Amino acid sequence: MSDQVLSFLKDFLAGGIAAAISKTAVAPIERVKLLLQVQHASKQISVDKQYKGIMDCVVRIPKEQGFISFWRGNLANVIRYFPTQALNFAFKDKYKQIFLGGVDKHKQFWRFFVGNLASGGAAGATSLCFVYPLDFARTRLAADVGKGLNEREFTGLGNCIAKIYKLDGLKGLYQGFNVSVQGIIIYRAAYFGVYDTAKGMMPDPKNVHIVVSWMIAQTVTAVAGLVSYPFDTVRRRMMMQSGRKGADIMYKGTIDCWKKISKDEGPKAFFKGAWSNVQNMAMLLNIMNKIDLLKAIIAIFTQYRDSGRLFLRLWTIKITFKFTLLL
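So that you can map any letter, position 219 of the sequence shown is 219 in the UniProt record's numbering, and since no number is skipped, the others follow by simple counting.
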């Protein structure tokens, strides 16, 4: 087994555990976001029972559906991580070679920028081809507001996929796929555009203070998420149509979905739940930072377990860890 594959397997396992912890921690925020996004397209939520905002949603979910319902759809979200990472590992170098081979990012910035978008979009589309049904199931399970099993549309992940496949076939599990790929490209364009701009404003881009780097990461992620958020709203609205027939179908297609949301609900509707999405990203970044810090502690302990310097190193890490918690 090559060192590259072995390194990937170690990161794959560690990343999987980290992803499971982080995604489970922010699952309640994620469900609130999804409900606010899709409630207008839900057959279970009548107009008079629609959520008024984030706080109304947070208060009503445990009252009406039970506290554990905050984690509906989380299993599919956690499982989705593993095939996505494996596919990224398999295809990322290939796509970089195709779109960025021989490109100097310093001398050919725009070619590099466009190539980065193309490689990111291609890699994202390839991964989505395999994991999209899991993302679809996560959305539909999170949007299911029934309290007991008798009131719910789906009893679980397997039941959701099986039901939709029986009603609409494979096409039903891939509703909103095209706009999802568009969203990935828009996200990457916004991310790299803001990131490069922010880095370029630094006096010494190669030596940026950890707090400044953290602030840049938070800002870039939030801005890119907001710019691409309307695409996420449209794709999830399209997902809600799978399994419906006749008059129950709200949108004829993606373009019709864009038009109807804008006309019937106004431009603000594209950003419903966006603030909770920003909070979600911030929490994920903080959790991942703490996990990386704990991994560093373990590595240092292994390296210095027989050394008198262990106490000093752990004391330094402890101070750093407390500082990170404040962030």
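Glycine is no exception: its CB is placed at the ideal position from the N, C-alpha and C atoms.
For clarity, every value in this text was computed on a predicted model and none was experimentally measured.
7 Å Cβ shell around residue i - same chain, five flanking residues per side excluded
i: Ser127; result: Thr84, Leu87 and Asn88
i: Ser69; result: Ile61
i: Ala143; result: Leu34, Leu35, Val38, Ser42 and Met240
i: Gly15; result: Gln85
i: Ile161; result: Pro133, Ala137 and Leu173
i: Lys23; result: Asn74, Asn77 and Val78
i: Asp168; result: Ser242 and Gly243
i: Val208; result: Met202
i: Thr155; result: Leu149
i: Thr254; result: Asn178, Val179, Val234 and Met238
Residue i versus residue j: straight-line alpha-carbon distance, rounded
i: Lys92; j: Leu100; result: 11 Å
i: Ile184; j: Asp256; result: 20 Å
i: Asn74; j: Val32; result: 12 Å
i: Asp264; j: Met238; result: 16 Å
i: Gly121; j: Gln65; result: 38 Å
i: Ala90; j: Lys96; result: 12 Å
i: Asn159; j: Arg138; result: 12 Å
i: Lys252; j: Ala118; result: 28 Å
i: Phe177; j: Val131; result: 11 Å
i: residue 338; j: Ile79; result: As shown, the chain starts at 1 and ends at 327. That puts residue 338 outside it, with no answer to give.
i: residue 332; j: Gly102; result: A question about residue 332 goes unanswered here, because the residues of the chain that appear run from 1 up to 327.
i: Gln44; j: Arg111; result: 48 Å
i: Met201; j: Gly246; result: 55 Å
i: Val114; j: Ala217; result: 22 Å
i: Met215; j: Glu30; result: 22 Å
i: Lys63; j: Asp248; result: 28 Å
i: Leu13; j: Ser2; result: 17 Å
i: Ile319; j: Val212; result: Note that Ile319 has pLDDT 39, beneath the 50 cutoff, so the model's placement of it is unreliable and the number below is only indicative. Going from the Cα of Ile319 to the Cα of Val212 covers about 18 Å.
i: Lys94; j: Gln182; result: 21 Å
i: Thr233; j: Asp11; result: 32 Å
i: Leu149; j: Ile98; result: 49 Å
i: Glu153; j: Phe82; result: 27 Å
i: Lys175; j: Cys129; result: The question names Lys, yet the displayed sequence has Gln at residue 175. If you take the alpha carbons of Gln175 and Cys129, they lie about 12 Å apart.
i: Lys166; j: Met250; result: 20 Å
i: Gly266; j: Ile17; result: 40 Å
i: Ile210; j: Asp48; result: 48 Å
i: Leu226; j: Lys52; result: 20 Å
Residue environment, residue i, which counts as buried when at least 16 other CB atoms sit within 10 Å
i: Phe109; result: exposed
i: Ala27; result: buried
i: Gly124; result: buried
i: Leu6; result: exposed
i: Ser46; result: exposed
i: Leu134; result: buried
i: Leu170; result: exposed
i: Phe67; result: exposed
i: Glu151; result: exposed
i: Lys259; result: exposed
i: Cys57; result: buried
i: Leu312; result: Its pLDDT being 43, under 50, Leu312 is placed unreliably in this model, and the value from its coordinates should be taken loosely. The residue in question, Leu312, is exposed, as its Cβ has fewer than 16 Cβ neighbours within 10 Å.
i: Thr197; result: exposed
Proximity test, residue i beta-carbon vs the ligand GDP heavy atom, cut-off 7 Å
i: Val5; result: Inclusion of the ligand GDP in the displayed structure is not the case, the ligand content being empty and no account of it being possible.
Whole-angstrom C-beta distance between residue j and residue i, which should lie under 8 Å
i: Asn116; j: Phe192; result: 6 Å
i: Ser242; j: Ile164; result: 5 Å
i: Arg235; j: Val179; result: 5 Å
i: Leu157; j: Ala25; result: No, Leu157 and Ala25 are not in contact; Cβ-Cβ is about 20 Å, not under 8 Å.
i: Ser228; j: Ala274; result: With 8 Å as the limit, Ser228 and Ala274 do not qualify as a contact, their Cβ atoms being about 10 Å apart.
i: Leu9; j: Arg72; result: Incorrect: roughly 31 Å between the Cβ atoms, too far for contact.
i: Phe270; j: Ile261; result: 6 Å
Chain-order list of residues whose beta-carbon lies under 8 Å from that of residue i (same chain, five-residue window excluded)
i: Val194; result: Thr219, Val220, Val223 and Ala224
i: Asp306; result: Reliability of the predicted coordinates at Asp306 is poor, the pLDDT of 45 falling under 50, and no value is obtained from them.
i: Lys105; result: Phe112
i: Gln50; result: Gln39 and His40
Close Cβ partners of residue i (< 6 Å) along its chain, the five nearest in sequence each way excluded
i: Val59; result: none
i: Phe136; result: Leu173 and Met239
i: Gln276; result: Inspection of the sequence shows that residue 276 is occupied by Ser rather than by Gln. Closer than 6 Å at Cβ, skipping near neighbours: Ile29, Val32, Lys33 and Ile54.
i: Lys147; result: Gln65
i: Arg188; result: Leu117 and Gly120
i: Lys268; result: none
Fully enclosed by the UniProt repeat "Solcar" (111-201), which alpha helix (DSSP H) runs are 4 residues long or longer? Those alpha helix (DSSP H) runs which fall completely within the UniProt repeat "Solcar" (111-201) and span 4+ residues are 157-173 and 177-200.
Counting only runs of 4+ residues fully inside the UniProt repeat "Solcar" (6-98), write out the alpha helix (DSSP H) ranges in chain order. 54-65
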